[in-house]
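Engineer:
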Amino acid sequence: MRRLRSRLALVLLCAAYTASLFWVFTRSEPVIRTREVTIYFAHWQIERGPPDGINAAIKRYEELNPRVRVVQLQIPGATIYPQWMRSNLAGETGPDLMEWGAWLPGQKDIPARYFTPLTSELAKPNPYNRGTSQEKIPWLDTFHDKLLAPKRDSPDPGQIYAVNITECTLRLFCNVELMKEILGRVVVPRNFDDLRQILAVVKEYSRKTGRPIAGLAGSRDTTRAVAESVLVAPLMGVNQRLDDAGFLYLYNRQMLAAYLAGRWRYSEPAVLAGLQLVRETTMSMKPGFIQLRRDDAMIEFLRGQALFFFYGTWDATSLRRLAPFKIQPMKLIQAMPDDPEVGRFVVGQGGEGIGETALSMYLNKASRHPAEALDFLKFLTSVPGQQLFTDASLWLPAVNGVSIPEEIRNFRDYQEGLSFGQAPYDALGTEVSMNWDRNFYYLTGDNGSAEKFAAAMDAAMPAAMRTDLNAELRATLVLVKPQDPVIVGWAGLPGERARIRREESEASQTMSEGLALQMELQLEAMK
Amino acid sequence: MRGLSVYPARKFLPLLILGPLLAAGAAASADPDRAWTALADNRPQDVLRQLRPDAPSRADRLAWAAARIGAQPATDGNMREAEAVLVELEQGTDELAAEAAYLRARIYQLHLNEPDFAKAAQLYAGLAQRQPGSHWAQLGLVKLGLLKLYLLPDVSGPGADRLAAAEVLLARIQEPLLRRDLNLQIGQAGIALNQPQARFLPHLIAAEQAGGVTGNAQEDLIVQIGVLSERGGDWARAREYFEKYLAAYPLNVRAYAIRRKLAEVNHRLAQEGRP
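As they're listed, the protein sequences go chains E and G.
The first sequence begins at 74 in our numbering and counts up by one.
The second sequence begins at 8 in our numbering and counts up by one.
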């Protein structure tokens, strides 16, 4: 009996083994389906909205491309992302696609070192736009602003390194119920003086009722946004004066060099007027705001402790989903020539241009799957990909031809007027930016003044501006030097594509070299 | 188990191990573009792993030298090693010799810790003398132009014409794209060096007319020519470039200001009877 059992067991074992072999060789599939290629997409937009939008696009992309899997990595931005990005890029373990921003402190060299230019790809139509209004249009021209920021932030004037996923602008988000309670009705400010009056009424209302209500929700981050907006109008004349090149635009390197050459100062009247506007607006924030971050300001607003929250439309989805009250986005109109305080410095209506696309995504040079990563980027920035992104995130699309949901349509209602591109007087470089924050207490509070702040800035600036211009120079040289072997490489390869790449590389290297020599000249002249 | 002897497997073991390696090696040598591709992809270390400075092929030796220049650490010692190979390669009259001579000049201009601009200029000039029609000699003239504009001016002092030396080189460049690049550099240097507008604006116009400027540089260039023409009182030229800008970038942030300027120059032209 025992022997029979052993034999039965052996027979069963053999049968099971044979059946397994049959299964394995004829119809087996992996227990967990895997795809051949995995690409990683990293960004810091962890607000409500974008992760949903990107997931919607990924889902559709994976349906269209069964061999590719896309993994979205959401890395907290303010403090973690820069270190995380730097260490992964240095170790060649970085994701295939990464977000980067020119304002990240100490990260200016990243595109030149680690990212691949997309210029030649951008000259061709995006294949995912077939059958849409953007079919046959070069990829670059499908973007609403033709990639203003990636062009401006490129370390190399002849190359574009990124494509953008969304479009943002700054808006004054208003707590409608609170405004009705304080003002009796909804008042949309038509100019800066209107806003000034509203903020004064809020202050008085808070004093009378004893309720802690601020005009503007306060934080270091939102203050920067306020400053960059209100400084534009009074400083337009200074910008025009400094524009030797005739670009109607000032790059950071030009502002830094002009400061070193003694051509502008924080303590000159027009800049002081702009600083006075910054002081006025920040005086309607609660005390101690400079120690707080964006999230703190948002909480203050959501608790009904501030009438306005001034920041980017990138926060609109979070605000809508989290606020227990109705929110109305309004424009912060810049001071006009008839402004009673600073009008004499204002040369015309300040404008917002056409908004600016943002959330810049870069292709990692060390990507193991550059073709697939680029292909996903094309899908995400195609009309169908952007429609999915916009509908799920309620963030504006970056490309033309996308139907914009009703809730966010007025974000594209831009103020037309003069604009001078970047020239953010608070953030010309890492050192300038740090000094702005460090000295900001001179500008605010009962003991602060525009004059005290300007004096502190002008005392620190010669060294800070010099350091920042040197950083610009280093970032340019990082790009120039490796181009020599790259050009030799393209020259050695046959074919039309290689010839075009060589010519592009030669042209952009010469342009960057020229810029580097100009910066060296400026630094040398100021020794 | 002895019947299932492992001896045959043991016998072929070296072949089993070496076979794939040999096959891989054979595949590698069959692809002559591998080193160029690695250089073009900015992977000089891969080239240094593949090639040796004494490789039999001149092209391989050139690729090795280019990779040595690009690889980290970029020490002067490494540059000298690359230069030794390039000196040998430039002894010829073909395009490869010209390429080697060009790269050698680049070492002196850009890659040494203490650049030697005078030596680089001398090498560019020598190359242009020996092989004037070579692409690398022509590219070298563009770089020599940059040196003349910023670092090795023939003249100095306030009021000196800092552009003339580079303009002389321009006349020797036959390749249209390289002429365009030097025109653009002379134009931009004219602004940086505070030269009279009449001296540098024609160079910017020539660069724009040559076409093919990429990235933000093209947009900047069109605005720049329009604005500088307006400042110089050349209303017709300003109108031409403002219209060109608005046709190409109707929605850009600068379009509002350009529209205002266009209206102004049209008004001026109308006043002068040239609507």
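Glycine residues also receive a C-beta, built at the ideal position from the N, C-alpha and C atoms.
I need the DSSP call for P397/E, collapsed to helix, strand or coil.
Structural biologist: Here P397/E sits in coil by DSSP.
Engineer: CA-CA distance, A222/E and A527/E?
Structural biologist: The straight-line gap from Cα to Cα measures roughly 29 Å.
Engineer: Out of curiosity, what's the CA-to-CA distance linking A571/E and D48/G?
Structural biologist: The straight-line gap from Cα to Cα measures roughly 12 Å.
Engineer: Checking contacts by CB at 8 Å: is Q407/E closer than that to chain G?
Structural biologist: Closer than 8 Å: no.
Engineer: If you compare alpha carbons, which of M158/E, W96/E, G288/E is closest to H116/E?
Structural biologist: Checking every option, the nearest Cα to that of H116/E belongs to M158/E.
Engineer: By alpha-carbon positions, which one of A389/E, E504/E, R186/E ends up nearest to Q79/G?
Structural biologist: That would be R186/E, whose Cα lies nearest to the Cα of Q79/G.
Engineer: So if I threshold CB-CB distances at 8 Å, which residues from the region 156–173 of chain G count as touching chain E?
Structural biologist: Of all residues in the region 156–173 of chain G, L156, Y157, L158 have a Cβ within less than 8 Å of some Cβ in chain E.
Engineer: Any Cβ of chain E within less than 8 Å of the Cβ of P51/G?
Structural biologist: Yes, contact with chain E.
Engineer: From the DSSP output, in three-state form, read off Q202/G for me.
Structural biologist: Note: Q202/G maps to coil in three-state DSSP.
Engineer: Expressed to the nearest angstrom, what Euclidean distance is found between the alpha-carbon atoms of A298/E and L243/E?
Structural biologist: Distance between the alpha carbons of A298/E and L243/E is about 8 Å.
Engineer: Here's a check: name, in chain order, each residue in its chain whose Cβ is nearer than 6 Å to the Cβ of Y14/G, leaving out the five neighbours to either side.
Structural biologist: A caution first: Y14/G carries a pLDDT of 45, below 50, which makes its placement in the model too unreliable to give a value.
Engineer: Specify the secondary structure class of S36/G as computed by DSSP and reduced to three states.
Structural biologist: Any reading at S36/G is ruled out, since the residue's pLDDT is 43, under 50, leaving its predicted position unreliable.
Engineer: Taking C-beta pairs closer than 9 Å, name the residues in chain E that T82/G reaches, listed in chain order.
Structural biologist: Under the 9 Å cutoff, chain E gives no residues; its nearest Cβ is about 13 Å from T82/G.
Engineer: At 8 Å on the CB atoms, spell out the chain E contacts of L287/G, in chain order.
Structural biologist: With chain G covering only 8 through 282, there is no way to say anything about residue 287/G.
Engineer: To which residues of the same chain is A72/G closer than 6 Å at the C-beta, ignoring the five residues directly before and after it?
Structural biologist: Cβ neighbours of A72/G beyond the five flanking positions: A89, V92, L93.
Engineer: State the start and end residues of the unbroken alpha helix (DSSP H) segment that holds Y278/E.
Structural biologist: That run of the alpha helix (DSSP H) goes 265–282.
Engineer: Taking a contact to mean a Cβ-Cβ separation below 8 Å, would you say F381/E touches A290/E in this structure?
Structural biologist: Contact: yes.
Engineer: Quick one: Cα of L151/G to Cα of P230/E, how far?
Structural biologist: Their backbone Cα atoms lie some 21 Å apart in a straight line.
Engineer: Relative to the alpha-carbon of F383/E, which residue among R394/E, A408/E, T354/E has its alpha-carbon at the smallest distance?
Structural biologist: Looking at the Cα atoms, T354/E is the closest of the given residues.
Engineer: A318/E touches chain G at which residues, Cβ-Cβ below 7 Å?
Structural biologist: Here the neighbours are I198, Q231.
Engineer: Between the alpha carbons of G421/E and F124/G, how many angstroms are there, rounded?
Structural biologist: Those two C-alpha atoms are separated by around 47 Å.
Engineer: From the DSSP output, in three-state form, read off N248/E for me.
Structural biologist: Strand at N248/E.
Engineer: On the premise that T295/E lies in contact with A431/E, defined as a C-beta separation below 8 Å, what is that separation, rounded to the nearest angstrom?
Structural biologist: Wrong, their Cβ atoms sit about 17 Å apart, outside the cutoff.
Engineer: Could you give the DSSP three-state label for Q232/E: helix, strand or coil?
Structural biologist: Here Q232/E sits in coil by DSSP.
Engineer: Can you tell me which of L85/E, A129/E, F418/E, E579/E puts its alpha carbon nearest to the alpha carbon of T454/E?
Structural biologist: Considering only alpha carbons, the answer is A129/E.
Engineer: Let me make sure I understand the geometry here. Which of V220/G, P165/G, L153/G, T44/G has the alpha-carbon closest to that of E174/G?
Structural biologist: Ranking the options by Cα distance to E174/G, first place goes to L153/G.
Engineer: Counting only C-beta atoms, is Q591/E closer than 8 Å to chain G at any point?
Structural biologist: At least one chain G Cβ lies under 8 Å of Q591/E.
Engineer: Is there at least one Cβ from chain E nearer than 8 Å to A37/G's Cβ?
Structural biologist: The predicted model places A37/G with a pLDDT of 39, which falls under 50 and marks its position as unreliable; any figure quoted below should be read in that light. Chain E contact via Cβ: absent.
Engineer: How is T99/E classed by DSSP in three states: helix, strand or coil?
Structural biologist: Here T99/E sits in helix by DSSP.
Engineer: Shorter than 8 Å from the beta carbon of S93/E to some beta carbon of chain G?
Structural biologist: No - not a single Cβ of chain G is within 8 Å of the one on S93/E.
Engineer: Using a cut-off of 9 Å between C-beta atoms, extract the partners of R225/E located in chain G.
Structural biologist: Residues of chain G passing the Cβ test: N223.
Engineer: Between S573/E and the rest of its own chain, which residues show a CB-CB distance below 7 Å, the 5 nearest in sequence each way excluded?
Structural biologist: Reading off the sequence, residue 573/E comes out as Ile, not Ser. S193.
Engineer: So, for L552/E: in the same chain, excluding its five sequence neighbours on each side, which residues have a beta-carbon less than 7 Å away from its beta-carbon?
Structural biologist: Closer than 7 Å at the Cβ level, and outside the excluded window around L552/E, lie A185, P228, D229, S585.
Engineer: Q232/E versus chain G: which residues are under 8 Å apart at the beta carbon?
Structural biologist: Within 8 Å Cβ-Cβ: T221, G222.
Engineer: I'd like the list of long-range same chain contacts for S206/E, defined as Cβ closer than 8 Å, with 5 residues on each side in sequence excluded.
Structural biologist: Correct list, in chain order: V456, N473, G474.
Engineer: Give the DSSP-derived three-state secondary structure of Q129/G in the structure shown.
Structural biologist: Reduced to three states, the DSSP call for Q129/G is helix.
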